[in-house]
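Structure record follows, encoded as structure tokens.
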Amino acid sequence: MSKAFDIQVKVDNFYLGAQSDPAENRFVFAYTITIENHSNEQVKLLKRYWLITDANGKQAEVYGDGVVGEQPELAPGSSYSYTSGAVLETPVGTMQGHYEMISANDQSFNAAIPVFRLAMPNILN
């Protein structure tokens with residue numbers, strides 16, 4: 001039986017108006033992810049998977065090694081934060097996914113990234 005690892009993923013995001021061009025259907029967002037290791041073992045982030053969906057239902061999948069060029073290791077009780085971005089063709093969309101991780105004793109597991117909304121300010125009531 002697989003051991004459960006208590007990894008929490010928190011997201012803060014914002015619209016980058018200066019980099020966006022609504023007339024060209026270009027909406028740029030930045031997001032800061034904080035990954036917290038609440039388990040009793042050191043873990044390492046190996047890969048990421050994102051499902052990005054715009055308001056038209058268009059989906060893009062992103063899969064790759066690490067995050068922002070790193071494969072961070074998190075000791076018990078520690079956290080790791082990074083900032084990245086996404087470009088949508090609509091002023092509203094969502095992102096969700098998971099991180100593929102491995103524990104110090106070589107146990108692989110996924111840490112879920114809960115769905116979060118990207119939205120241009122004042123576009124939603």
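The numbering of the sequence shown is our numbering, which starts it at 1 and goes up by one.
Note that CB positions come from ideal geometry on N, CA and C, so glycine has one too.
In this text the structure is predicted, and so the values were computed from the model without any measurement.
Inter-residue Cα distance where the pair is residue i and residue j
i, j, result
"residue 40", "residue 60", "35 Å"
"residue 34", "residue 17", "23 Å"
"residue 38", "residue 21", "40 Å"
"residue 11", "residue 108", "23 Å"
"residue 117", "residue 19", "19 Å"
"residue 72", "residue 90", "32 Å"
"residue 106", "residue 100", "12 Å"
"residue 83", "residue 68", "8 Å"
"residue 51", "residue 95", "6 Å"
Other residues of its chain near residue i: CB distance less than 8 Å, five sequence neighbours each side excluded
i, result
"residue 87", "26, 27, 28, 29"
"residue 77", "37, 38"
"residue 123", "91, 92"
"residue 79", "34, 35, 36, 37"
Residues near residue i in its chain [Cβ-Cβ closer than 6 Å; skip 5 each side]
i, result
"residue 49", "63, 97, 98"
"residue 57", "none"
"residue 119", "92"
Residues that residue i bridges to, as DSSP identifies them
i, result
"residue 8", "36"
"residue 47", "65, 100"
"residue 30", "14, 85"
"residue 95", "52, 116"
"residue 75", "Answer by DSSP bridge pairing: none, since residue 75 is not bridged."
Neighbour-count burial assignment, residue i, 16 or more Cβ in a 10 Å radius
i, result
"residue 115", "exposed"
"residue 93", "buried"
"residue 43", "buried"
"residue 113", "buried"
"residue 6", "exposed"
Chain-order list of residues whose beta-carbon lies under 7 Å from that of residue i (same chain, five-residue window excluded)
i, result
"residue 121", "15"
"residue 81", "32, 33, 34"
"residue 8", "36, 38"
Pick from the options that is closest to residue i, judged by C-alpha positions
i, options, result
"residue 46", "9, 83, 110, 90", "110"
"residue 31", "102, 85, 103, 80", "85"
"residue 104", "79, 75, 123, 83", "75"
"residue 66", "5, 23, 102", "102"
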